[in-house]
Amino acid sequence: MTKIAKRIYVSLIFLFLYAPIGTLIVLSFNASKTRSKWGGFTLKWYASLVRDGDIMEALVNTLLIAVISSLVATIIGTISCIAMSNMKRKTRTVLMGVTNIPMLNADIVTGISLMLLFISLGLRFGFGTILLSHITFNIPYVILCVMPRMKQLNPSTYEAALDLGASHLTAFFKVKLPDLMPGILSGFLMAFTMSLDDFIITHFTKGAGVDTLSTKIYTEVKKGIKPEMYALSTIIFLTVLILLFLVNMAPNKDKKEIKNKENKSL
Numbered sequence: 102m103t104k105i106a107k108r109i110y111v112s113l114i115f116l117f118l119y120a121p122i123g124t125l126i127v128l129s130f131n132a133s134k135t136r137s138k139w140g141g142f143t144l145k146w147y148a149s150l151v152r153d154g155d156i157m158e159a160l161v162n163t164l165l166i167a168v169i170s171s172l173v174a175t176i177i178g179t180i181s182c183i184a185m186s187n188m189k190r191k192t193r194t195v196l197m198g199v200t201n202i203p204m205l206n207a208d209i210v211t212g213i214s215l216m217l218l219f220i221s222l223g224l225r226f227g228f229g230t231i232l233l234s235h236i237t238f239n240i241p242y243v244i245l246c247v248m249p250r251m252k253q254l255n256p257s258t259y260e261a262a263l264d265l266g267a268s269h270l271t272a273f274f275k276v277k278l279p280d281l282m283p284g285i286l287s288g289f290l291m292a293f294t295m296s297l298d299d300f301i302i303t304h305f306t307k308g309a310g311v312d313t314l315s316t317k318i319y320t321e322v323k324k325g326i327k328p329e330m331y332a333l334s335t336i337i338f339l340t341v342l343i344l345l346f347l348v349n350m351a352p353n354k355d356k357k358e359i360k361n362k363e364n365k366s367l
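Here the sequence shown stands for residues 102 to 367, where the numbers follow the numbering used here.
If you want it as structure tokens, here you go:
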């Protein structure tokens with residue numbers, strides 16, 4: 102009875118979580134504009150979505166912001182992890198605590214804070230302010246992914262490379278960076294996912310005439326839900342799902358690599 106109850110409980114959780122998303126995906130293939138009636142299978146809403154210039158512009162903005170912000174945040178976050186790893190334990194603990202604050206903070210607080218900062222600096226709201234905002238809130242996620250990998254590094258290999266005549270720069274790129282790469286890739290994918298999915302911070306820091314997919318969907322829904330929005334939401338959900346799957350797969354690969362190295366050493 103206990104096992105049956107657990108299965109029913111888990112099934113209900115998945116039902117409440119994914120039934121609305123499943124309904125959304127099904128409606129994106131519905132030929133009828135009426136949500137209460139099935140008019141047959143069709144891909145016309147996806148075709149109509151591609152022909153919509155405003156949505157395509159929002160898609161390009163979203164991808165550009167996500168890629169650029171993730172790259173910059175990954176570089177800054179990786180450098181920060183390297184710097185913190187060479188600090189004293191107390192200093193590193195304090196900095197890690199400060200770094201974790203943006204992740205624990207409510208998005209609306211971060212969004213309003215960045216908006217007030219840009220206003221005080223006299224910056225014009227637009228693509229640039231959105232990009233700066235995404236870089237800012239992505240850096241902690243990169244550090245969160247890279248720092249555990251940094252702690253697993255064996256300092257003896259780096260010192261051995263220096264003893265063998267390699268420069269500090271060469272030893273870093275030949276020894277440290279390859280070992281850090283799984284964590285760096287996880288951080289990049291996490292940052293890309295967070296940037297792609299963000300709405301609140303983008304809403305407070307975007308300018309007039311500049312939209313990402315999340316803000317565009319919000320604007321269109323206020324006018325009335327169109328079937329194209331179902332298609333767009335389906336694409337976003339599947340994209341984020343694939344990226345999250347890749348992010349979760351990376352730590353498992355790291356564990357397998359560590360186990361294989363330990364087995365070979367034995």
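Ideal Cβ placement from N, Cα and C applies to all residues, glycine included.
On a predicted model such as this, the values are computed, not experimentally measured, just so you know.
The DSSP-derived three-state label of N131 is strand. Checking the DSSP bridge columns, you'll see F219 has no partner listed. Nearest in C-alpha terms to S171, of all of R108, M251 and H235, is H235.
Taking I240 as reference, the option from M350, D280, T294 and T192 with the minimal CA-CA separation is T294. For G288, same chain residues with a beta-carbon under 7 angstroms away, outside a window of 5 residues either side, are T175, G178, Y242, V243, C246 and V247 in chain order. Our two residues, V199 and A207, have alpha carbons roughly 15 angstroms apart in a direct line. Distance check between G212 and each of L150, T163, R193 and F238 places F238 closest, using alpha-carbon atoms only. Scanning its chain for C-beta atoms nearer than 8 angstroms, with the 5 sequence neighbours on each side dropped, one finds around L347 the residues L290, in chain order.
The residues P241 and L245, in chain order, have a CB closer than 8 angstroms to that of N201 in the same chain once the five nearest residues on each side in sequence are set aside. Taking S133 as the centre and dropping the five residues before and after it, the same chain places the C-beta of G140 closer than 6 angstroms to its C-beta, in chain order. Under DSSP, F142 shares a beta bridge with N131.
Taking F226 as the centre and dropping the five residues before and after it, the same chain places the C-beta of F219, T306, K307 and G308 closer than 7 angstroms to its C-beta, in chain order. Relative to F338, the option among K104, L125 and S112 whose CA is nearest is L125. Two segments are said to touch when three or more pairs of C-beta atoms, one from each, lie closer than 8 angstroms; by this definition the segment 143-160 touches the segment 319-336. The C-beta distance from L314 to A159 rounds to 5 angstroms, short enough to meet the 8 angstroms contact threshold. A residue is called buried once 16 or more other Cβ atoms fall within 10 Å of its Cβ, and R152, having fewer, is exposed. Selection L297, L215, P279 and M188 evaluated against I343 yields L297 as nearest (Cα-Cα). Measuring C-alpha to C-alpha distances from S257 to each of T271, V276 and G154 identifies V276 as the nearest. The distance from the Cβ of I231 to that of I169 is about 10 angstroms, inconsistent with a contact at the 8 angstroms cut-off.
Shown here for T163: same chain residues with a beta carbon closer than 7 angstroms to its own, the five before and five after excluded, namely L297, T313 and L314 in chain order. Membership of N201 in the alpha helix (DSSP H) is indicated by the continuous run R190 to L205. DSSP, reduced to helix, strand and coil, places L265 outside both helices and strands of the structure shown, so it counts as coil. Annotated as distal: F117 and F130, with beta-carbon spacing of 8 angstroms or more.
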